[in-house]
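Just so you know, the sequence shown maps onto residues 3 to 314 in the working numbering.
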Amino acid sequence: MNAKIRGYILGSVAAATYGTNPLFALPLYADGMDAESVLFFRYLLAAPMVALMLKLRGRRFGCARAEAWPLVFVGVMAALSSLTLFLSYGYMDAGIASTMLFVYPLMVALIMSLCYGERMELSTVLCLIMALCGIGLLFKAGDGATLSLTGTLLVMASSLTYAVYIVAVNRPGLREVPTLRIIFYTLCIGVMIYGAKIVVTPGASFSVPTHWYMWGCLIGLALLPTVVSFLCTTEAIHCIGSTPTAILGALEPLTAVFFGITVFGETMTPRDWLGLALIVIAVSIVVGGGSFTSYLVRFRKLFPSLRGRKRF
3 MNAKIRGYIL GSVAAATYGT NPLFALPLYA DGMDAESVLF FRYLLAAPMV ALMLKLRGRR
63 FGCARAEAWP LVFVGVMAAL SSLTLFLSYG YMDAGIASTM LFVYPLMVAL IMSLCYGERM
123 ELSTVLCLIM ALCGIGLLFK AGDGATLSLT GTLLVMASSL TYAVYIVAVN RPGLREVPTL
183 RIIFYTLCIG VMIYGAKIVV TPGASFSVPT HWYMWGCLIG LALLPTVVSF LCTTEAIHCI
243 GSTPTAILGA LEPLTAVFFG ITVFGETMTP RDWLGLALIV IAVSIVVGGG SFTSYLVRFR
303 KLFPSLRGRK RF
């Protein structure tokens, strides 16, 4: 198969599998599990998978002293991003939540401009306005009904903490750390955070699936939007490069919307579709042409090549 065709297929699979978060999370909620317990098991099951990949590729598990606190920081940011996103599913349709989450590249642009003096081009400003218009369309329906403010704030918090995570892995201290090691420590820190939150929260307890087949949802949550998405993203970058792979990320909210409508009976009005389109178009334009693209996803440096086809 042509390398470019293979790359586009893998990039699409990576984005689509990441968009399956609601597909596995919502049935677990219906089975009585809470967001913290779902994420605890997701990270707990995914960590050994990533550890196995580290072992097979000959990567060491240890980290230098200078890497320790940066790894803790990005682990906390990733854990908060996942938690706030999964909590938002209890306040709004998963498809809407995933679409609003997709504004994180624009937040990366703002962080780079405000904190690091990165020049923000006029096109980026216009795309920010376009995305805000899209969020406004999603927030208030044509009949005057509005989304939950709590849910909206949770999604925005998820998008912001993920943007901070992306910027942080590009900064000195983590820039040269192999991706698999970052992912492994992120998962381990997440397990500790979710476990501690459950232990210290009054009245909280670990909840487990009440039906044996719901463990399949937990395994699917750890495998598809975590491990499979990661591997396909890496291969796609190798075949077609960073920018096309990032643009294909637009399939993430589209996949979530698809499953929301077909599996969970969620509805999308023409106004919602317009809002979704504005957000996806705005983000795709910025990712494709923004000067901060190298900060958005540190692909080549985050996925260093080894001999031949052995990477990570």
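For every residue, glycine included, the Cβ atom is placed at its ideal position computed from N, Cα and C.
**Request:** Would you mind sorting P29 into buried or exposed? The rule is 16 or more other CB atoms within 10 Å of its CB.
**Result:** As a position in the sequence shown, residue 29 is number 27, starting the count at 1. Buried is the call here.
**Prompt:** If L41 and Y196 are in contact, beta carbons under 8 angstroms, what's the gap, nearest whole angstrom?
**Reply:** Position 39 of the sequence shown holds residue 41. Position 194 of the sequence shown holds residue 196. Sure, about 5 angstroms apart at Cβ, within 8 angstroms.
**Prompt:** Got a sec? Which residues, its chain only, sit under 8 angstroms from E69 by beta carbon, not counting five neighbours each side?
**Reply:** The residue you call residue 69 lines up with position 67 of the sequence shown. Correct list, in chain order: G175, L176 and V179.
**Item:** Presumed contact (8 angstroms Cβ cut-off) between K57 and C241, rounded CB distance
**Value:** As a first step, residue 57 is located in the sequence shown; it is residue number 55 there, counting from the start. As a first step, residue 241 is located in the sequence shown; it is residue number 239 there, counting from the start. Not a contact, Cβ separation roughly 25 angstroms.
**Request:** Pull up the distance between the alpha-carbon of R183 and that of I137, whole angstroms please.
**Result:** Locating residue 183 in the sequence shown gives position 181, where the first residue counts as 1. Locating residue 137 in the sequence shown gives position 135, where the first residue counts as 1. Cα to Cα, the separation comes out at about 35 angstroms.
**Item:** Other residues of its chain near P227: CB distance less than 7 angstroms, five sequence neighbours each side excluded
**Value:** As a first step, residue 227 is located in the sequence shown; it is residue number 225 there, counting from the start. If we look at P227 and ignore the five residues flanking it on each side, its Cβ neighbours are T19, Y20, T22 and N23.
**Asked** If you draw a straight line from the C-alpha of G60 to the C-alpha of L149, how long is it?
**Response** Translated into positions along the sequence shown, residue 60 becomes position 58. Translated into positions along the sequence shown, residue 149 becomes position 147. Using only the alpha carbons, I get a separation of about 48 angstroms.
**Prompt:** Nearest-angstrom Cα distance between F208 and A198?
**Reply:** On the sequence shown, position 206 is the one that residue 208 refers to. On the sequence shown, position 196 is the one that residue 198 refers to. Cα to Cα, F208 sits roughly 11 angstroms from A198.
**Request:** Pull up the distance between the alpha-carbon of L280 and that of R44, whole angstroms please.
**Result:** As a working mapping, residue 280 is identified with position 278 in the sequence shown. As a working mapping, residue 44 is identified with position 42 in the sequence shown. Each residue's Cα considered, the two are about 32 angstroms apart.
**Request:** State buried or exposed for W152, treating a residue as buried only when at least 16 other CB atoms are found within 10 Å of its CB.
**Result:** Along the sequence shown, one-based indexing puts residue 152 at 150. Reading off the sequence shown, one finds Thr at residue 152, where the question assumed Trp. So T152 ends up on the exposed side.
**Asked** Using the C-alpha atoms, what's the distance from S231 back to V15?
**Response** Position 13 of the sequence shown holds residue 15. Position 229 of the sequence shown holds residue 231. Computed Cα separation, rounded: 7 angstroms.
**Prompt:** Using a Cβ-Cβ cut-off of 6 angstroms (strictly less than) and excluding sequence neighbours within five positions of T86, which residues of its own chain qualify?
**Reply:** Here the question's residue 86 lines up with position 84 in the sequence shown. Excluding positions up to five away in sequence, the list reads L156, A159 and S160.
**contact_flag[the stretch 259–268, the stretch 109–121] where n(CB pairs < 8 angstroms) is 3 or more** = No: the two stretches stay apart, fewer than three of their Cβ pairs being nearer than 8 angstroms.
**Item:** Delimiting residues of the alpha helix (DSSP H) encompassing P255
**Value:** Your numbering for residue 255 matches position 253 in the sequence shown. Taken as a continuous stretch (DSSP letters only), the alpha helix (DSSP H) holding P255 covers L253 to T264.
**Asked** With C-beta atoms as the reference, is I168 less than 9 angstroms away from G77?
**Response** As a working note, residue 168 is residue 166 in the sequence shown. As a working note, residue 77 is residue 75 in the sequence shown. Result no, Cβ atoms of I168 and G77 do not sit closer than 9 angstroms.
**Request:** Counting only the same chain and skipping the five closest in sequence on each side, list residues whose C-beta sits under 6 angstroms from that of G106.
**Result:** Start at 1 with the first residue of the sequence shown, and residue 106 comes out as number 104. Inspection of the sequence shows that residue 106 is occupied by Tyr rather than by Gly. Cβ contact annotation for Y106 (same chain, cutoff 6 angstroms, sequence separation greater than five): S161, Y164 and A165, in chain order.
**Buried versus exposed call for L89 [16 or more other C-beta atoms within 10 Å across all chains shown]** = Within the sequence shown, numbered from 1, the residue matching residue 89 stands at position 87. Flag for L89 reads buried.
**Message:** I'd like the span of the alpha helix (DSSP H) that includes W214, first residue to last.
**Reply:** The count along the sequence shown starts at 1 and reaches residue 214 at position 212. Note, W214: premise wrong, no alpha helix (DSSP H); not H, not E.
**Item:** Separation of I200 from I98, as counted between CA atoms
**Value:** The residue labelled residue 98 in the question sits at position 96 within the sequence shown. The residue labelled residue 200 in the question sits at position 198 within the sequence shown. C-alpha separation (whole angstroms): 27 angstroms.
**Prompt:** Just checking my contact of V229 with A48 at CB under 8 angstroms: how many whole Å lie between their CB atoms?
**Reply:** Along the sequence shown, one-based indexing puts residue 229 at 227. Along the sequence shown, one-based indexing puts residue 48 at 46. Confirmed, Cβ separation roughly 6 angstroms.
**Message:** Just to confirm my understanding: we take A258, look at its own chain, exclude 5 residues before and 5 after, and list those with CB closer than 6 angstroms. What are they?
**Reply:** Stepping through the sequence shown from its first residue, residue 258 is reached at position 256. Closer than 6 angstroms at the Cβ level, and outside the excluded window around A258, lie G21, P24, A96, G97 and S100.
**Message:** For L253, which residues in the same chain have their Cβ closer than 8 angstroms to its Cβ, ignoring the five residues on either side in sequence?
**Reply:** Taking the sequence shown and counting its residues from 1, the one referred to as residue 253 is at position 251. Closer than 8 angstroms at the Cβ level, and outside the excluded window around L253, lie S14, A17, A18 and G21.
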